[in-house]
Amino acid sequence: MTDPAAEATDFISEIVRADTARGTFDSRVQTRFPPEPNGYLHIGHAKSIVVNFGTAERFGGTCNLRFDDTNPETEDTEYVEQIVHDVRWLGYEPASVLFSSDYFEQLYDWAEQLVRDGKAYVDDQDGDTISEQRGGYGKPGIESPYRDRPAAESLDLLRRMRAGEFPDGARCLRAKIDMQAENMWLRDPVLYRIRHANHHRTGDAWAIYPTYDWAHGQGDAIEGITHSLCTMEFESHRPLYDWLLAQLPLPSDTPKQIEFARLEVTHTITSKRRLRKLVEEGVVDGWSDARMPTISGLRRRGYPAAAIRAFCTETGTTRTNSRQAIELLESFVRRELNLTAQRRMVVLRPLRLVLDNWPTDDAGNPVVEYFEVANNPENPDDGVRRVAFTGELVIERDDFAEVPPPKFFRLSPGKEVRLRGAYLITATDVVKDADGTVVEVRATYDPESRGGTAPDGRKVKSTMHWVSAPHAVPVTAALYDRLFTAAVPGEATGEPLDDLNPDSRELLEGALAEAAVADAAPGQVLQFERLGYFANDPDRPGYFHRTVGLRDEWAAIQKRQAK
Ligand code: ATP
Ligand code: MG
2 MTDPAAEATD FISEIVRADT ARGTFDSRVQ TRFPPEPNGY LHIGHAKSIV
52 VNFGTAERFG GTCNLRFDDT NPETEDTEYV EQIVHDVRWL GYEPASVLFS
102 SDYFEQLYDW AEQLVRDGKA YVDDQDGDTI SEQRGGYGKP GIESPYRDRP
152 AAESLDLLRR MRAGEFPDGA RCLRAKIDMQ AENMWLRDPV LYRIRHANHH
202 RTGDAWAIYP TYDWAHGQGD AIEGITHSLC TMEFESHRPL YDWLLAQLPL
252 PSDTPKQIEF ARLEVTHTIT SKRRLRKLVE EGVVDGWSDA RMPTISGLRR
302 RGYPAAAIRA FCTETGTTRT NSRQAIELLE SFVRRELNLT AQRRMVVLRP
352 LRLVLDNWPT DDAGNPVVEY FEVANNPENP DDGVRRVAFT GELVIERDDF
402 AEVPPPKFFR LSPGKEVRLR GAYLITATDV VKDADGTVVE VRATYDPESR
452 GGTAPDGRKV KSTMHWVSAP HAVPVTAALY DRLFTAAVPG EATGEPLDDL
502 NPDSRELLEG ALAEAAVADA APGQVLQFER LGYFANDPDR PGYFHRTVGL
552 RDEWAAIQKR QAK
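Those letters in the sequence shown? Residues 2 to 564, per my numbering, in order.
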């Protein structure tokens, strides 16, 4: 049997393996995924989820979902619920669902202790002054005039800050570390700020809120996290993370912070702030619009959780920031859907096709024939279905040309083509409306070609999909283009939203589908033959989002690059 813990070669697994071999943390492995509930999770978060839950899983450990809810103004329970749902949908069950706000009392007690130990003080200066005094690289920091005030005075002020005696921003609590430290985060960082804000869980109980740096490592320690996996921008915070933990009465094995590169994907963005802007300005229909890189948007679009997990795992975890091609992500989606999606025939832009020699029954009605078709040639377990065929059909408007351009092998007057799985037909004539637009194609079928092959073995170049007109069900199809035209949105102007694609969605309301499409479950993804994979909207059945086309663009890109 293979041992996932022994075989993983990513750098995080190497570190964890060495730690467990050494007996650090009693060889336990416990991670956490720590989102701030101020928006919906996106594809970048999926990477973090896969890294955190995946590492724990590999080493027989556990992973918590911890809401880092220390900024009351921007956070909301709507986001909390959505995030829990998205994590589960991705295929992971948190060992516990926890909140930084659960630790507010403990954090506060520890803060008082730091003050009593002379390791923190209340500063009466405003935020601008404090950041100015911080200095910069090669620029010395300036010590606050309040830095050496007696501990008892700081303690009294801290208690009054907590009691809500002072307005927002009037004072803050700072760690007393080193104003000349090379690392800016060690220059007396702020631990508490005054915010008279209602918190989605603690209500009005608190007038002070911990900063990220004061809450994060301590939350890790409280939960017994062994490896605190986060993105590269926190690398410079690590000395502060370690310093704060070292001041507290904790067991010797304190959590270890390990950073990895953020995941970015071409033609889209992973900034919650900017994604919120798209929502607020009505550029998209909410956080779960099928064009959004949010987990809920990708789900609506038809991306399988397994494909997202495979993409996040197989593209590797490193410490070098890079951007993955969206075509690669799509190829993971296609690979999964090829195995799982049942095939159907749907005509997006219908053109009537009438077979003049189609027989009628004794009552004078057109005969209806049924063809048995495999639901998914990749998976015999999906069985077969019956598809109705008659002399009145619809085909794709694009599949017919009255005057065929060069190399047009589909239907045109005098040409013979195959209607998939049914018959060979030859176009004979067209019917036009007053404007001269072709509204109907007349044709004849070869009764000897049932199933789509002629007994004389004559070659027919083109196979087209079709739908029997009297049996068709109307559906709406949404076709998508990239949400951003530029591969790296904002590369030219610095503002990603400058590169928004104004034509990212095309809605086709008159599509006609074979009858079985009406039975698609909400959220089910089908392959519409020759057109791509389409996901049935979970809230509006009959509204289909094109997930991806059928052509493997990633393979094409690689072939071009190899040349
Ligand atoms: P944003 O800046 O868009 O608000 P964030 O990093 O502030 O994102 P959080 O909710 O704080 O969002 O993120 C939760 C976790 O997900 C953090 O550990 C963060 O490092 C990780 N994360 C966020 N974006 C990415 C990304 N693009 N790639 C990998 N991990 C990410
Ligand atoms: Mg954050």
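Cβ atoms here follow ideal geometry from the backbone N, Cα and C, with glycine treated the same way. Predicted, not measured: the structure shown is a model, and the values here were computed from it.
For F235 and K120, the rounded distance between their alpha carbons: 23 Å
Q258 burial status per 10 Å Cβ neighbour count (16 or more: buried): buried
Residues bridged to A478 [DSSP beta-bridge criterion]: L509, F545
8 Å Cβ shell around V404 - same chain, five flanking residues per side excluded: S413
At least three beta-carbon pairs within less than 8 Å, the segment 470-485 to the segment 280-297: yes
G45 Cβ short of 6 Å to the ligand ATP heavy atom set: yes
Same chain, Cβ closer than 6 Å to P542, five either side skipped, listed in chain order: P523
The ligand ATP heavy atom lying under 6 Å from the CB of R263: Checking every heavy atom of the ligand ATP against the Cβ of R263, one is found closer than 6 Å.
Whole-angstrom distance between C64 and A22, CA atom to CA atom: 20 Å
Uninterrupted alpha helix (DSSP H) stretches inside the segment 313-357 (no shorter than 4 residues): Fully contained in the segment 313-357 are the following alpha helix (DSSP H) runs of length 4 or more, in chain order: 327-341.
Between the CA atoms of L249 and E492 - distance to the nearest angstrom: 44 Å
Counted within 10 angstroms of its Cβ, other Cβ atoms place R552 as buried (16 or more) or exposed: exposed
At least three beta-carbon pairs within less than 8 Å, the segment 364-384 to the segment 314-328: no
Cα-Cα separation, P38 to V442: 57 Å
Segment contact, 8 Å Cβ cut-off, at least three pairs: the segment 494-510 with the segment 458-465: Proximity of the segment 494-510 to the segment 458-465 falls short of the contact definition, fewer than three beta-carbon pairs being nearer than 8 Å.
CB of P240 within 7 Å of CB of L108, strictly: no
Where the alpha helix (DSSP H) through P497 begins and ends: That residue, P497, is in no alpha helix (DSSP H); it is neither H nor E in DSSP.
Cβ pair N537, F529 closer than 7 Å: no
C-beta atoms of R178 and L187 nearer than 7 Å: According to the sequence as given, residue 178 is Ile; it is not Arg. Going by C-beta atoms, I178 is nearer than 7 Å to L187.
Per DSSP, cross-strand counterpart(s) of T464: R419
Cβ-heavy atom distance, T75 to the ligand SAM, below 6 Å: This structure lacks the ligand SAM; the ligands present are the ligand ATP and the ligand MG.
Run of the alpha helix (DSSP H) containing L156, from where it starts to where it stops: 152-164
Beta-carbon proximity check, E379 vs N339, cutoff 7 Å: At the C-beta level, E379 and N339 come within 7 Å of one another.
R59, enclosing alpha helix (DSSP H) - first and last residue: 44-59
Any non-hydrogen atom of the ligand ATP within 6 Å of V231 CB: Inspection of the sequence shows that residue 231 is occupied by Cys rather than by Val. Relative to the ligand ATP, the nearest heavy atom lies less than 6 Å away from the CB of C231.
Closest by C-alpha distance to P305, when choosing among P475, G92, F401, A488: G92
Start-to-end residues for the alpha helix (DSSP H) that takes in Q31: Q31 -> not in any alpha helix (DSSP H); beta strand (DSSP E) instead, spanning 31-34.
DSSP bridge partner residues for N184 (one or two, in chain order): DSSP lists no partner for N184.
Bounding residues of the alpha helix (DSSP H) (the contiguous stretch that carries S101): Looking at the DSSP string, S101 is not in any alpha helix (DSSP H), and its letter there is neither H nor E.
Proximity test, S1 beta-carbon vs the ligand ATP heavy atom, cut-off 6 Å: No information on residue 1 is available, as it lies outside the stretch 2 to 564 that the chain covers here.
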